[in-house]
Amino acid sequence: MVQVTSPAFKQNAARALADTGLQKALGKAKGAFLQRRAEAVARLPEFEALRDIGRDIKNHTLANLDFYLETYAANVERAGGTVHWCSTADEARAAVLAICRRAGARTVTKGKSMISEEISINDHLETHGIEPVETDLGEYIIQLRREHPSHIIAPAFHLNREDWEADFRRMHTDLDPNRVFNERRDILAEARTKLRSRFLAADVGITGANFLIAETGSSVIVTNEGNGDLTQTLPRVHIALASIEKVVPTLEDATSLLRLLARSATGQDFSVYTTFSTGARRPTDLDGPEEYHVVLIDNGRSNMIGSEFQDMLRCIRCAACMNHCPVYGATGGHAYGWVYPGPMGSVLTPSLVGVDKAAHLPNASTFCGKCESVCPVKIPLPNLMRHWREREFERHLTPAAMRRGLGLWAWFAKRPQAYRLATRAAIGGLRLLGRGRGAFRSLPLAGGWTAGRDLPVPEGGTFMARYAQQQRKR
Amino acid sequence: MSKDAILTAIRRGLKRGPLPADQRAMLDGRLATHPRHLIPARSRVPRPEQVALFIRNVEKEFGTVARVADATEIPAAIADYLAAQNLAPRFVLAPHPDLAALPWADRPLLEFEARRAEATDAVSVQHGFAAIAETGTLMLPSDAQRPTTLNILAETEIVVLRTSRIVGAYEEAWDTLRRERTDAVTGGFMPRNVMLVTGPSRSADIEQTLELGAHGPRRLHIVLVDDDPAAHGADDPAAPPAA
Numbered sequence: 014m015v016q017v018t019s020p021a022f023k024q025n026a027a028r029a030l031a032d033t034g035l036q037k038a039l040g041k042a043k044g045a046f047l048q049r050r051a052e053a054v055a056r057l058p059e060f061e062a063l064r065d066i067g068r069d070i071k072n073h074t075l076a077n078l079d080f081y082l083e084t085y086a087a088n089v090e091r092a093g094g095t096v097h098w099c100s101t102a103d104e105a106r107a108a109v110l111a112i113c114r115r116a117g118a119r120t121v122t123k124g125k126s127m128i129s130e131e132i133s134i135n136d137h138l139e140t141h142g143i144e145p146v147e148t149d150l151g152e153y154i155i156q157l158r159r160e161h162p163s164h165i166i167a168p169a170f171h172l173n174r175e176d177w178e179a180d181f182r183r184m185h186t187d188l189d190p191n192r193v194f195n196e197r198r199d200i201l202a203e204a205r206t207k208l209r210s211r212f213l214a215a216d217v218g219i220t221g222a223n224f225l226i227a228e229t230g231s232s233v234i235v236t237n238e239g240n241g242d243l244t245q246t247l248p249r250v251h252i253a254l255a256s257i258e259k260v261v262p263t264l265e266d267a268t269s270l271l272r273l274l275a276r277s278a279t280g281q282d283f284s285v286y287t288t289f290s291t292g293a294r295r296p297t298d299l300d301g302p303e304e305y306h307v308v309l310i311d312n313g314r315s316n317m318i319g320s321e322f323q324d325m326l327r328c329i330r331c332a333a334c335m336n337h338c339p340v341y342g343a344t345g346g347h348a349y350g351w352v353y354p355g356p357m358g359s360v361l362t363p364s365l366v367g368v369d370k371a372a373h374l375p376n377a378s379t380f381c382g383k384c385e386s387v388c389p390v391k392i393p394l395p396n397l398m399r400h401w402r403e404r405e406f407e408r409h410l411t412p413a414a415m416r417r418g419l420g421l422w423a424w425f426a427k428r429p430q431a432y433r434l435a436t437r438a439a440i441g442g443l444r445l446l447g448r449g450r451g452a453f454r455s456l457p458l459a460g461g462w463t464a465g466r467d468l469p470v471p472e473g474g475t476f477m478a479r480y481a482q483q484q485r486k487r
Numbered sequence: 005m006s007k008d009a010i011l012t013a014i015r016r017g018l019k020r021g022p023l024p025a026d027q028r029a030m031l032d033g034r035l036a037t038h039p040r041h042l043i044p045a046r047s048r049v050p051r052p053e054q055v056a057l058f059i060r061n062v063e064k065e066f067g068t069v070a071r072v073a074d075a076t077e078i079p080a081a082i083a084d085y086l087a088a089q090n091l092a093p094r095f096v097l098a099p100h101p102d103l104a105a106l107p108w109a110d111r112p113l114l115e116f117e118a119r120r121a122e123a124t125d126a127v128s129v130q131h132g133f134a135a136i137a138e139t140g141t142l143m144l145p146s147d148a149q150r151p152t153t154l155n156i157l158a159e160t161e162i163v164v165l166r167t168s169r170i171v172g173a174y175e176e177a178w179d180t181l182r183r184e185r186t187d188a189v190t191g192g193f194m195p196r197n198v199m200l201v202t203g204p205s206r207s208a209d210i211e212q213t214l215e216l217g218a219h220g221p222r223r224l225h226i227v228l229v230d231d232d233p234a235a236h237g238a239d240d241p242a243a244p245p246a247a
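In the order they appear, the protein sequences are chains A and B.
Here this note's numbering = 1-based position in the first sequence + 13.
Here this note's numbering = 1-based position in the second sequence + 4.
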């Protein structure tokens with residue numbers, strides 16, 4: 014698996030906040046996603062009702078997941094495809110390598126797939142002498158830079174145009190070094206030209222899957238560039254990588270979820286290419302792969318069924334939660350330290366790599382609730398993060414100072430008289446200390462707060478005192 | 005085997021064994037009847053408005069549409085479009101009988117071959133199976149008469165579509181596919197590949213700013229043949245709807 018640096022979230026975040034290039038990229042990109050989503054949602058009056066439907070479709074599927082997976086696999090095989098069931102990332106890597114070797118593959122083109130990041134398939138293929146070529150524009154530059162995606166639908170979210178130009182000059186050494194990139198589209202055109210020959214030469218094409226459809230045995234990909242379709246159409250062998258929770262019962266179910274996906278993700282009414290692949294080339298077909306494989310991956314998800322984290326398996330990977338998250342907006346995706354950043358990653362990463370490694374992530378939230386309010390399938394993300402915090406506390410993963418602090422707070426919280434007395438004393442003390450100024454620049458024991466912002470000097474009484482006063486007035 | 009391990013783990017989580025026969029039958033029934041969910045009201049409009057909505061949505065997504073009154077005008081419409089775009093009058097044509105039957109001799113300068121597309125083809129002319137007004141989306145199922153490569157390899161894709169094939173919502177297009185197609189391999193209706201195409205290819209991966217012309221076609225042009233009397237508005241049947 015991709016190396017997990019989530020235990021260093023605090024250091025990662027501090028570094029991200031000081032990274033001016035990253036901050037510039039985040040500043041530019043963030044607003045665009047929010048505005049486009051809001052406009053797309055406003056154009057569809059039924060959007061809220063569709064969110065309930067999306068949630069219900071996914072819940073129904075998860076409650077019968079064994080049935081739908083078996084039905085799906087049977088229909089893939091009826092259409093001449095092969096399903097490889099894989100419990101772990103290791104098994105999935107071995108399955109993909111075996112297919113590539115049987116095909117005598119030298120190069121493999123790839124469509125964008127987060128599960129392929131999760132199982133680190135690129136490293137595995139490279140180690141065994143097979144060259145993987147990322148073909149999504151964002152993934153392409155990420156591969157040139159030997160980085161990982163910082164966002165689940167916009168892998169190069171952390172980069173500025175200057176980075177693109179510099180990397181293309183550095184890597185495309187066969188082109189005129191003095192060429193000029195006047196527009197973003199010049200960068201795009203260069204990538205198109207460069208990748209065209211790779212599409213045509215590849216022996217195997219690997220894509221992910223946004224949905225699997227039990228009714229028909231289809232895998233669905235959603236793209237704007239068309240790279241996914243070139244990847245899965247031109248080579249002799251197509252491998253679709255998919256995790257088990259991608260299955261839905263019927264085309265109608267997938268259609269309802271597709272109405273939510275693009276609007277929540279890029280703010281489009283529909284993506285440019287939504288493609289349903291069902292089995293291998295038919296005898297009379299003039300194109301398409303001769304072999305069609307689905308590598309169906311569990312990698313920890315079946316353990317989430319029946320747990321308090323089952324709701325997370327509804328996720329359709331639209332990225333609305335991270336686009337709207339103030340923490341993601343400040344640190345970017347790499348700080349989260351594994352494949353999935355943002356609120357969905359803060360819930361999923363502990364489930365998949367272990368809460369001992371990912372303990373910081375459920376705490377990297379202000380609980381503002383925006384993620385839940387925009388989630389197209391209504392995943393209660395803050396609640397799920399809270400469950401992780403509880404588990405951390407139970408397993409003594411919470412730092413000692415924090416445990417003591419929480420213990421102290423709990424003692425007072427259970428004794429209202431003492432609590433009110435203490436808050437009254439604290440407010441009085443602070444007011445005395447802060448006499449003559451509006452805010453504290455620094456305060457003993459509160460360095461964690463005042464390092465980043467001022468603390469206002471309290472005005473008036475405690476909440477309870479004012480509440481009592483209001484009640485008396487009535 | 006991993007299949008059993010995965011299914012067992014799922015059932016353990018669900019706190020049950022394999023589904024009993026009556027529940028399986030219920031789920032099989034749901035698959036067989038594939039019930040529709042909420043369909044947005046925007047496409048539930050009279051035929052002329054549905055066609056207008058389709059055209060409006062194609063144009064919103066940077067596609068273009070030319071309407072012709074009769075199929076015999078298609079070769080001229082294609083020749084005119086290519087000339088207007090400064091493109092050579094050469095293309096790969098979908099090997100579909102409807103397209104083969106067109107009066108191509110009217111435009112002797114047009115050169116074409118009916119086959120799958122290759123990387124050297126600059127222009128493709130595809131046969132539209134159906135289209136969805138809700139988002140201006142084309143449904144292009146693969147078969148011997150409609151190769152997938154025509155949708156992805158050429159820089160310019162032209163799709164010939166009849167107005168009678170425009171439906172309101174995706175669900176209606178799926179039902180058209182269910183009704184009209186039988187797959188030789190599965191006995192079901194799904195062909196190897198179904199592409200839903202909404203406008204020409206694009207990317208927003210550079211600074212989240214949209215640019216047209218990624219790996220698929222840079223241009224998507226639809227030649228719309230008016231074969232559906234019900235699709236005409238009452239006052240001016242021939243006039244293309246306002247964008």
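The beta carbon of each residue, even a glycine, is placed where N, CA and C say it ideally should be.
None of these values were measured; they are calculated from a predicted model.
Please report the Cβ distance between residue i and residue j, rounded to the nearest whole angstrom; I am assuming they are in contact, meaning their Cβ atoms lie under 8 angstroms.
| i | j | result |
| --- | --- | --- |
| B:H219 | B:S205 | 6 angstroms |
| A:R211 | A:T122 | 6 angstroms |
| B:I156 | B:V129 | With 8 angstroms as the limit, B:I156 and B:V129 do not qualify as a contact, their Cβ atoms being about 14 angstroms apart. |
| B:P107 | B:P79 | 6 angstroms |
| A:L410 | A:V368 | 7 angstroms |
| B:R166 | B:V229 | 5 angstroms |
| A:E152 | A:P168 | 5 angstroms |
| A:A227 | A:N88 | 7 angstroms |
Beta-carbon within less than 6 angstroms of residue i's beta-carbon, same chain only, minus the 5 sequence neighbours each way: which residues are those?
| i | result |
| --- | --- |
| A:F283 | A275 |
| A:R236 | With the sequence shown as reference, residue 236 of chain A is identified as Thr, and Arg is not the correct amino acid for it. Around A:T236: Y286. |
| A:N135 | P145 |
| A:H306 | T95, I112, I252 |
| A:P20 | K370 |
| B:P22 | none |
Quick check: the Cα distance between residue i and residue j, rounded to an integer number of angstroms?
| i | j | result |
| --- | --- | --- |
| B:A135 | B:V49 | 15 angstroms |
| B:V164 | A:G280 | 29 angstroms |
| A:P389 | A:G124 | 24 angstroms |
| B:A121 | B:F95 | 9 angstroms |
| B:P241 | B:V55 | Caution is warranted here: a pLDDT of 44 is assigned to B:P241, below 50, making its placement in the model unreliable, and the coordinate value is therefore given only provisionally. Each residue's alpha carbon lies about 12 angstroms from the other. |
| A:A118 | A:W462 | 56 angstroms |
| A:R159 | A:R272 | 34 angstroms |
| A:T84 | A:H73 | 15 angstroms |
| A:R183 | A:N25 | 27 angstroms |
| B:T186 | B:G203 | 28 angstroms |
| B:E176 | B:L154 | 24 angstroms |
| A:S163 | A:N191 | 30 angstroms |
Which residues in the same chain have their Cβ closer than 8 angstroms to the Cβ of residue i, if we skip the five residues on either side of it in sequence?
| i | result |
| --- | --- |
| A:E321 | L397, H400 |
| A:F425 | A431, Y432, A435 |
| B:D239 | Only weak support is given to the placement of B:D239: the predicted model assigns it a pLDDT of 49, under 50, and the value that follows is read from those uncertain coordinates. Taken in chain order, the list of residues that qualify is empty. |
CB-CB under 7 angstroms to residue i, same chain, minus the five flanking residues each way: which ones, in chain order?
| i | result |
| --- | --- |
| A:F181 | I200, E203 |
| A:T291 | A92, T229, G230, S231 |
Query raised in the report: In the segment 24–57 of chain A, which residues sit with their C-beta less than 8 angstroms from some C-beta in chain B, listed in chain order?
Result: A38, K41, A42, A45, F46, L57
Query raised in the report: Which ranges would you report for the alpha helix (DSSP H) in the segment 294–349 of chain A if only whole runs of at least 4 residues count?
Result: 333–336, 339–344
Query raised in the report: Which residue spans inside the segment 120–170 of chain A form an unbroken alpha helix (DSSP H) run of at least 4?
Result: Runs of the alpha helix (DSSP H) inside the segment 120–170 of chain A: 127–131, 134–140, 150–157.
Query raised in the report: When you check each C-beta in the segment 311–324 of chain A against every C-beta of chain B, which residues fall closer than 8 angstroms?
Result: D311, S315, N316, M317, I318, G319, S320, Q323
Report task. Note down, in chain order, all residues in the segment 209–232 of chain B with a beta-carbon under 8 angstroms from any beta-carbon belonging to chain A. Result -> Within the segment 209–232 of chain B, the qualifying residues are D209, I210, E211, Q212, T213, E215, L216, G217, A218, H219, G220, P221.
Query raised in the report: Looking at chain B, which residues of the segment 134–151 of chain A have a Cβ within less than 9 angstroms of any of its Cβ atoms?
Result: T148, D149, L150, G151
Query raised in the report: In chain order, what residues of the segment 361–375 of chain A put their CB closer than 8 angstroms to some CB of chain B?
Result: none
Query raised in the report: Which residue spans inside the segment 360–412 of chain A form an unbroken beta strand (DSSP E) run of at least 3?
Result: none
Query raised in the report: When Cβ atoms are compared, which residues of the segment 164–198 of chain A fall closer than 9 angstroms to chain B?
Result: A167, P168, A169, F170, L172, N173, R174, W177, E196, R197, R198
Query raised in the report: Mind listing which residues of the segment 85–109 of chain A have their C-beta closer than 7 angstroms to chain B's C-betas, in chain order?
Result: R91, A92, G93, W98, C99, S100, E104
Requested in this report: Could you pull out every unbroken beta strand (DSSP E) segment of at least 3 residues lying fully inside the segment 28–54 of chain B, listed in chain order?
Outcome: none
**Report entry** Contact list for the segment 195–209 of chain B against chain A, Cβ threshold 9 angstroms
**Finding:** P195, R196, N197, V198, M199, L200, V201, T202, G203, P204, S205, R206, S207, A208, D209
Query raised in the report: Got a sec: which bits of the segment 112–132 of chain A sit with their beta carbon under 7 angstroms from any beta carbon on chain B, in order along the chain?
Result: none
Query - Continuous alpha helix (DSSP H) assignments of at least 4 residues falling wholly in the segment 169–196 of chain B - result: 174–184
Requested in this report: Could I get the ranges of all uninterrupted alpha helix (DSSP H) runs contained in the segment 430–480 of chain A, with 4 residues as the minimum, in chain order?
Outcome: 460–463
Report task. Output the residue ranges of the alpha helix (DSSP H) runs that lie fully inside the segment 58–93 of chain B and measure 4 residues or longer, sorted by chain position. Result -> For the segment 58–93 of chain B, the full-length alpha helix (DSSP H) segments reaching 4 residues or more read 78–88 along the chain.
Report task. Residues of the segment 201–232 of chain A with a CB closer than 9 angstroms to any CB of chain B: list them in chain order, please. Result -> Per Cβ criterion, the list reads L201, A202, A204, R205, L208, R209, S210, F212, L213, I226, A227, E228, T229, G230, S231.
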